[in-house]
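Q: First to last, the protein sequences are chains A and B.
Start counting the first sequence at 411; every next residue gets the next number (the working numbering).
Start counting the second sequence at 411; every next residue gets the next number (the working numbering).
Heads up, the beta-carbon is just placed ideally off N, CA and C, and yes, glycines get one too.
Note that this is a predicted model, so its numbers are computed, not measured.
Number of protein chains: 2
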Amino acid sequence: MLTQRFNLKEYLNDQRAFVDAALLAHIERLCPSAHLKPAVIHSVTAGGKRVRPILCLAGCAAVGGDPADALAAACALEMIHTYSLIHDDLPALDNDSLRRGQPTCHVRFGEATAILAGDALLNMAFELLSEACAGAGVDAVPRWHTVLGVVSRAAGCRGMIEGQARDLAFEGVKIDQEALEAMHRLKTGALIQASAHAGAVLGHGSDRQVAHLIRYADRIGLSFQVVDDVLNVKGDPAVTGKSVGSDQARRKNTYPALLGLARAEAYADQLIEQGLQALSIFDNKADPLRAIARYIIDRDH
Amino acid sequence: MLTQRFNLKEYLNDQRAFVDAALLAHIERLCPSAHLKPAVIHSVTAGGKRVRPILCLAGCAAVGGDPADALAAACALEMIHTYSLIHDDLPALDNDSLRRGQPTCHVRFGEATAILAGDALLNMAFELLSEACAGAGVDAVPRWHTVLGVVSRAAGCRGMIEGQARDLAFEGVKIDQEALEAMHRLKTGALIQASAHAGAVLGHGSDRQVAHLIRYADRIGLSFQVVDDVLNVKGDPAVTGKSVGSDQARRKNTYPALLGLARAEAYADQLIEQGLQALSIFDNKADPLRAIARYIIDRDH
Chain A
411 MLTQRFNLKE YLNDQRAFVD AALLAHIERL CPSAHLKPAV IHSVTAGGKR
461 VRPILCLAGC AAVGGDPADA LAAACALEMI HTYSLIHDDL PALDNDSLRR
511 GQPTCHVRFG EATAILAGDA LLNMAFELLS EACAGAGVDA VPRWHTVLGV
561 VSRAAGCRGM IEGQARDLAF EGVKIDQEAL EAMHRLKTGA LIQASAHAGA
611 VLGHGSDRQV AHLIRYADRI GLSFQVVDDV LNVKGDPAVT GKSVGSDQAR
661 RKNTYPALLG LARAEAYADQ LIEQGLQALS IFDNKADPLR AIARYIIDRD
711 H
Chain B
411 MLTQRFNLKE YLNDQRAFVD AALLAHIERL CPSAHLKPAV IHSVTAGGKR
461 VRPILCLAGC AAVGGDPADA LAAACALEMI HTYSLIHDDL PALDNDSLRR
511 GQPTCHVRFG EATAILAGDA LLNMAFELLS EACAGAGVDA VPRWHTVLGV
561 VSRAAGCRGM IEGQARDLAF EGVKIDQEAL EAMHRLKTGA LIQASAHAGA
611 VLGHGSDRQV AHLIRYADRI GLSFQVVDDV LNVKGDPAVT GKSVGSDQAR
661 RKNTYPALLG LARAEAYADQ LIEQGLQALS IFDNKADPLR AIARYIIDRD
711 H
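(1) Could you name the residues of chain B that cysteine 441(A) contacts, counting a contact when the two beta carbons are closer than 7 Å?
(2) Name the one or two DSSP bridge partners that leucine 508(B) has.
(3) Would you kindly work out how many angstroms separate the C-alpha atoms of leucine 468(A) and leucine 503(A), rounded to a whole number?
(4) From serine 507(A) to aspartate 617(A), what does the alpha carbon distance come to, in whole angstroms?
(5) Would you say aspartate 657(B) lies against chain A (beta-carbon separation less than 8 Å)?
(6) Nearest-angstrom Cα distance between lysine 695(B) and alanine 608(B)?
(7) Is leucine 503(A) helix, strand or coil by DSSP?
(8) For the segment 654–707 of chain B, which segments carrying the beta strand (DSSP E) assignment without a break, of at least 3 residues, lie completely within its bounds, in sequence order?
(9) Nearest CA to the CA of histidine 594(B): which residue from Ala627(B), Ser453(B), His614(B), Gln619(B)?
(10) With alanine 482(A) and leucine 538(A) assumed to form a contact (beta carbons below 8 Å), what rounded beta-carbon distance in angstroms separates them?
(11) For the segment 680–692 of chain B and the segment 627–636 of chain B, state whether three or more C-beta atom pairs, one from each stretch, are separated by less than 8 Å.
(12) Whole-angstrom Cβ separation of leucine 578(B) and alanine 522(A), contact assumed at under 8 Å?
(13) Output yes or no for whether 8 Å exceeds the beta carbon distance between methionine 534(A) and glycine 599(B).
(14) I'd like to know if the segment 687–707 of chain A and the segment 416–425 of chain B are in contact, where contact means that at least 3 CB-CB pairs between them fall below 8 Å.
(15) From which residue to which residue does the alpha helix (DSSP H) around glutamate 588(B) run?
(16) Is cysteine 515(B) near histidine 445(B), with beta carbons less than 8 Å apart?
(17) Would leucine 623(A) pass as a contact of valine 561(A) if the rule is Cβ separation under 8 Å?
(18) Tell me whether leucine 446(A) sits in a helix, a strand or coil according to DSSP, three-state version.
(19) Would the segment 491–502 of chain A count as touching the segment 469–476 of chain A if we require 3 or more Cβ pairs under 8 Å?
(20) Select from the segment 562–587 of chain B all residues with a C-beta closer than 8 Å to any C-beta belonging to chain A, and list them in chain order.
(21) Using CA atoms only, rank isn't needed, just tell me which of Glu675(B), Gly613(B), Ala606(B) is closest to alanine 688(B).
(22) Is the beta carbon of alanine 527(B) closer than 8 Å to that of alanine 449(B)?
(23) Output yes if chain A places a C-beta closer than 8 Å to the C-beta of methionine 534(B); else output no.
(24) Which residues in the same chain have their Cβ closer than 6 Å to the Cβ of aspartate 489(B), if we skip the five residues on either side of it in sequence?
(25) Would you mind telling me which residues of chain B sit closer than 9 Å to alanine 589(A), beta carbon to beta carbon, in chain order?
(26) Would you tell me roughly how many angstroms separate the C-alpha atoms of serine 690(A) and lysine 597(B), rounded to the nearest one?
(27) Excluding the 5 residues preceding and the 5 following glutamine 512(B) in the sequence, name in chain order all residues of the same chain whose CB lies nearer than 6 Å to its CB.
(28) Glycine 572(A) lies in the alpha helix (DSSP H); which residues open and close that run?
(29) Which term fits alanine 564(B), buried or exposed, when burial requires 16 or more other beta carbons within 10 angstroms of its beta carbon?
(30) Between the C-alpha atoms of threonine 664(B) and glycine 573(B), what's the straight-line distance to the nearest angstrom?
(31) Exposed or buried, lysine 459(B), counting other C-beta atoms within 10 Å across all chains shown (16 or more means buried)?
(32) Quick check: the Cα distance between proline 442(B) and isoleucine 525(B), rounded to an integer number of angstroms?
(33) With DSSP as the reference, label glycine 615(A) as helix, strand or coil.
(34) Between which residues of its own chain and isoleucine 602(A) is the CB-CB distance below 6 Å, once the five residues before and five after are set aside?
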């Protein structure tokens, strides 16, 4: 049950501030480069919602852990997410010149710097996780090893990078819902699941709790994508920041194209219900996760 | 003293075969992707000399360790090196269409796939190191944490990536020897040092041994670069695979341009002598490292 008094907006602002302070401090420390830091900072501060780090911290809190114990993992996850956006936006890939209303990294700093800034962020994520492993107390080391494994796997060829490769390969090719869903589970789902997974492990979650949080993250991750596709068809461009029907114009494989608008919307609802169901084993410490799930359905951008 | 009977060519062939078998097996396992594996394999098998993995294994052996204990680190280092070449060759960076006589990754597979294949290799290196950490026995864990820290730092914004950024920034700009040397120490030196460092740590080397091997790697790494520049001026293009004077034509900052050819050659010799000097504390288990140092000076490509 969602506690009525829980203020999601305030919660998200607090968590974002918590993440951002640490994230920027890590970048200052790990990336002193005059050539690369401006590009890295530009992309990291370009208005991201911090979905992955917040899921990591909220997953940690849901199992009764202290979110501070998951903060380094949360920052590493956002670094990996940001690098993937920088490389995805490049001319050879999606060729996007705007993201969240800001010029993309290669538009602002040139393609060469954008490629290196992306590389830098991916590498930095592992520098951070490496420090966390080395600095962990004896009993925490196995948890950090699990996190390192979960995050590196989710970000790689059996996760996000494979999803990006499939997304490229599918451009202009008609695929079925199963293939679309498998692509999204890799391209965005894997890192979203890894976020909740890492947080739960660092919060000392039981195997059962971890499994439920992974299921939750899987469902809300997919739902988020379905809602994105729906908003592209019927959203207000002033609010979504994208032109209506741009997916259709680019012949992208989307849920509305495959299922029709009404069934796509119903599917998004169903996924959120499954996500909330997965949280039923948790007490009110999972209220932020419940509120995030409901927000995905209710959002307009 | 260099043992006369030591056969460097045979040694290098054996080590390459040892590394390659493991490297390809790791790629098969960690990168099952139909979209990315061909590009990854293409670049990994495009005739690399395996300098970094061999330094890692030889560093391990020099301190009395079993090179098999350093094999995962050796593979990770070659993955990182290969990713850096793929991204460096991209049109936005060096725009090279040939490397070691083979079409570069983006020429063969397209730019998008090349960017993702580079990302995949960097990520894979950390998947491999993550597995090594998780699979290490209790007493080996601190050594693997050191390796993870050393490698991730050397590859990042305080190492290789910063070197690439400076190399780009210096294009067509006249710099002094100090700036050139700092750039090379970052761009190639950091990962070469990390290779010997990682091997020595995994071979249970003492702090003093590790420090001497880092010094050795620093000197031969720099010398390698000086010899490269010299060969570009006076090498046989049929052997070097590059046109004579191509660096000059591209207004690259080189040692011959800064010091003149004769002083550049003398400097390369001096660096090798310093590298050999750093090995004086080791017995004949460091003979491969001695032979590699001499080979750098004597090579013609």
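A: By the coordinates alone:
(1) Cys567
(2) Pro513(B)
(3) It should be pointed out that residue 468(A) corresponds to alanine in this sequence rather than to leucine. Alanine 468(A) and leucine 503(A): Cα-Cα distance of roughly 33 Å.
(4) 43 Å
(5) no
(6) 17 Å
(7) coil
(8) none
(9) Ala627(B)
(10) 5 Å
(11) yes
(12) 5 Å
(13) no
(14) no
(15) 587–594
(16) no
(17) no
(18) coil
(19) no
(20) Ser562, Arg563, Ala565, Gly566, Cys567, Arg568, Ile571, Glu572, Gln574, Ala575, Arg576, Leu578, Ala579
(21) Ala606(B)
(22) yes
(23) yes
(24) Rather than aspartate, the amino acid found at residue 489(B) in this sequence is methionine. Closer than 6 Å at Cβ, skipping near neighbours: Leu531, Met534, Ala535.
(25) Result: empty, since nearest Cβ-Cβ is about 13 Å, beyond 9 Å.
(26) 52 Å
(27) Ala456
(28) For the record, residue 572(A) in the displayed sequence is glutamate; it is not glycine. Start and end: 570–579.
(29) buried
(30) 15 Å
(31) exposed
(32) 17 Å
(33) coil
(34) Ala627, Gly631
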